[in-house]
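Heads up, the first sequence is in my numbering, so the first residue is 29 and it goes up one at a time.
This report refers to the structure that appears directly beneath it.
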Amino acid sequence: MKTSWADSVENSVVGPDKNVLPRPSRSTYVPPHLRNRPPSSEPPVTSNSSLPANDRVNAGGPAVGSRWGSSAKPDIGRQGYGQGYGYSGRTGGGRNNRNGGWDHGMERQVNPFADDEATEDAFNEQENSGINFDAYEDIPVETNGENVPPPVNTFAEIDLGEELNQNIRRCKYVKPTPVQRYAIPISIAGRDLMACAQTGSGKTAAFCFPIISGIQKELQYIQRPRVARTAFPLALILSPTRELSCQIHDEAKKFSYQTGVKVVVAYGGAQISQQLRELERGVDILVATPGRLVDLLERARVSLQMIRYLALDEADRMLDMGFEPQIRKIVEQMDMPPPGIRQTMLFSATFPREIQRLAADFLSNYVFLAVGRVGSSTDLIVQRVEYVLESDKRSHLMDLLHAQRENGLYDKQGLTLVFVETKKGADALEHWLCINGFPATSIHGDRTQQERELALRSFKSGNTPILVATDVAARGLDIPRVAHVVNFDLPNDIDDYVHRIGRTGRAGKMGLATAFFNDNNLSLAKPLAELMQESNQEVPAWLTRYAAKASFGGGGGRNRKAGGARFGGRDFRREGSFTKGTEYYGGAAGAGAGYGVPASYATAYGSGVTSAWD
DNA sequence: AAAAAAG
């Protein structure tokens, strides 16, 4: 690697002006041997792992050819979705519009790849190698459901359409990731899907490709009702945070470039007027956060009656206590077509069983898919836990940051993401880091949307290579080059921990995750120790002792969420207690009639091999 | 108890 991207941006980051990484003043620095130590022997703070900084996600290499002529598989289980609107020609529309350009708007689309191409030269071949596909070998995969469509090995095996294939090439995706290999054929076949797969493994594309492809193929036949100032999207993608919705929107725009499929994003904290204007210009795929969407629905500026595809990203979060009522309102109490008419896809890295049960309401004869994390479990993330008293956390963090700089992680522009539990705590820690000379910023729900987006940009660019965050940044955000995730405050839920550390070690790259554990985190001891064990991490002896204590002390154990979801999970329909009998398969009675074969459960691995999934 | 998501 002669000229890495990191090198190429280094000047701008450690540049001549204010952004020189200042040496923190030593006045507040307490050397380790002068600090309070817990009675139990915690490992010394060694930042020995010289982990590579994350590279770009995109992969370079030969382009994939597209194969035309094969038509999509029959749309099993769907009753067509004309919904009373006849098929009719669409003016100037659709897939044969080789000139690209939106067929329902006069504006020209900005080339979303322009930036990439402009910076292309900054990447040499190695740096540009993108997704580390070796890390994807031997990943345990579990599928469950009736007549699960088989996986593919290349994008060319699926008829996604010429324009989408070209965009896939532009994104330099050489071959599908495991979740894409399985999820795309399932979606193309028209099946509902509940998928567990870590975000860094290509989940967004896994639900975007079938949606874009499906819409593009039918766009010219779809007649939407004409209601002034009401938009009728064909697909809805919901996510739990504004930044994640933005990210999905950006991705979806790349994938749909010159397909004639229009993507619009709507989220709170931003001017609604511009979003309304965008919607009026026409929308095929709406990406949104729940609150703003409810607002738009109540104003009747959006109708869901033409929704053909519904995707919930971070679906378990979307269905947890805070979000469930809003999601039910959107999905069940407005004008969205019911399961079986629309196609529904739920994605998350974690899927607790009770959430799966709730989610089943939204699905019809669905396929359950669990794909191991890149490198199966988290071999690519080195997890460390250190016992740190509350009063020692700040100086301990400073130790880590110092060590990191000495190991060159800063010089390579490795980013450090520090999670805290509260918004107040985020402000306080950001301030403390700044006055101690560390270039930090913060993101949390009490900051304005403008501040949030600025903070994220500044972090991503390496301008402020330390970001203090609440759980607003825990899920889904794809920030290349995050070399280190610090759980300054551990979350109470092991699933949140899984999502947080998943901000590093993405796209097959290595990452480091450090957690500060103390007596406030007792309830996490057992699940954390188990998780680390399962992902082949070294579990400190003191943590094992805490874990053992937690199991009889009460208070432990419950955190497992009923046998829960680790890196993936298990279809709750297989868990034996079918309190609702065969109801979950009931949708198949009519819909699956075309399938003259009995249900078969395709399982890629025997139960002995999938222990990580239990 | 906290965080997120509408204004």
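For glycine and all other residues, C-beta sits at the position ideal for the given N, C-alpha and C.
7 Å Cβ cutoff met for residue i and residue j
{"i": "residue 541", "j": "residue 411", "result": "yes"}
{"i": "residue 469", "j": "residue 486", "result": "yes"}
{"i": "residue 335", "j": "residue 417", "result": "no"}
{"i": "residue 446", "j": "residue 173", "result": "no"}
{"i": "residue 215", "j": "residue 238", "result": "yes"}
{"i": "residue 211", "j": "residue 184", "result": "no"}
{"i": "residue 654", "j": "residue 329", "result": "What the structure shows of the chain is the stretch from 29 to 642, and residue 654 is not part of that stretch, so it cannot be assessed."}
{"i": "residue 507", "j": "residue 466", "result": "no"}
{"i": "residue 225", "j": "residue 207", "result": "yes"}
{"i": "residue 171", "j": "residue 397", "result": "yes"}
{"i": "residue 322", "j": "residue 261", "result": "no"}
{"i": "residue 193", "j": "residue 283", "result": "no"}
{"i": "residue 510", "j": "residue 480", "result": "no"}
{"i": "residue 379", "j": "residue 341", "result": "no"}
{"i": "residue 502", "j": "residue 471", "result": "no"}
{"i": "residue 205", "j": "residue 229", "result": "yes"}
Three-state class that DSSP yields for residue i in the structure shown
{"i": "residue 285", "result": "coil"}
{"i": "residue 397", "result": "strand"}
{"i": "residue 228", "result": "helix"}
{"i": "residue 201", "result": "coil"}
{"i": "residue 491", "result": "coil"}
{"i": "residue 450", "result": "coil"}
{"i": "residue 483", "result": "helix"}
{"i": "residue 565", "result": "coil"}
{"i": "residue 457", "result": "helix"}
{"i": "residue 325", "result": "helix"}
{"i": "residue 555", "result": "helix"}
{"i": "residue 195", "result": "helix"}
{"i": "residue 41", "result": "In this predicted model, residue 41 has a pLDDT of only 30, less than 50, meaning its place in the structure is not dependable; the value taken from the coordinates is given anyway. Of the three classes helix, strand and coil, the one that applies to residue 41 here is helix, per DSSP."}
{"i": "residue 385", "result": "helix"}
{"i": "residue 238", "result": "helix"}
{"i": "residue 550", "result": "helix"}
{"i": "residue 560", "result": "helix"}
{"i": "residue 187", "result": "coil"}
{"i": "residue 271", "result": "helix"}
{"i": "residue 141", "result": "coil"}
{"i": "residue 349", "result": "coil"}
{"i": "residue 131", "result": "Residue confidence is low: residue 131 scores 43 on pLDDT, short of 50, so the model does not pin down where it sits. Its coordinate-derived value is still stated next. The answer is coil: DSSP assigns residue 131 none of H, G, I, E or B."}
Per-residue burial, residue i [other beta carbons within 10 Å of its own, 16 or more giving buried]
{"i": "residue 413", "result": "buried"}
{"i": "residue 9", "result": "Residue 9 lies beyond the residue range present for the chain, which begins at 29 and ends at 642; the question has no answer from this structure."}
{"i": "residue 409", "result": "buried"}
{"i": "residue 289", "result": "buried"}
{"i": "residue 643", "result": "With the chain represented from 29 up to 642, any question about residue 643 goes unanswered, as that position is not in the structure."}
{"i": "residue 5", "result": "Since the first residue shown for the chain is 29 and the last is 642, residue 5 is missing from the structure and cannot be characterised."}
{"i": "residue 292", "result": "buried"}
{"i": "residue 53", "result": "Any reading at residue 53 needs caution, since the residue's pLDDT is 33, under 50, leaving its predicted position unreliable; the model's value is listed next. Residue 53 is exposed by the Cβ-count criterion."}
{"i": "residue 527", "result": "buried"}
{"i": "residue 231", "result": "buried"}
{"i": "residue 537", "result": "buried"}
{"i": "residue 459", "result": "exposed"}
{"i": "residue 182", "result": "exposed"}
{"i": "residue 383", "result": "buried"}
{"i": "residue 373", "result": "buried"}
{"i": "residue 9", "result": "Because the chain spans 29 through 642 in this model, residue 9 falls outside it and cannot be assessed."}
{"i": "residue 549", "result": "buried"}
{"i": "residue 563", "result": "buried"}
Residues bridged to residue i (per DSSP)
{"i": "residue 373", "result": "221 and 339"}
{"i": "residue 470", "result": "496"}
{"i": "residue 410", "result": "540"}
{"i": "residue 316", "result": "266 and 294"}
{"i": "residue 330", "result": "259"}
{"i": "residue 444", "result": "494 and 512"}
{"i": "residue 415", "result": "545"}
{"i": "residue 367", "result": "370"}
Run of the beta strand (DSSP E) containing residue i, from where it starts to where it stops
{"i": "residue 300", "result": "Note, residue 300: premise wrong, no beta strand (DSSP E); alpha helix (DSSP H) at 300-308."}
{"i": "residue 291", "result": "291-294"}
{"i": "residue 249", "result": "No beta strand (DSSP E) holds residue 249; DSSP gives it neither H nor E."}
{"i": "residue 514", "result": "510-515"}
{"i": "residue 170", "result": "169-172"}
Alpha helix (DSSP H) segment containing residue i, residue limits
{"i": "residue 359", "result": "352-360"}
{"i": "residue 528", "result": "522-529"}
{"i": "residue 427", "result": "421-434"}
{"i": "residue 207", "result": "206-216"}
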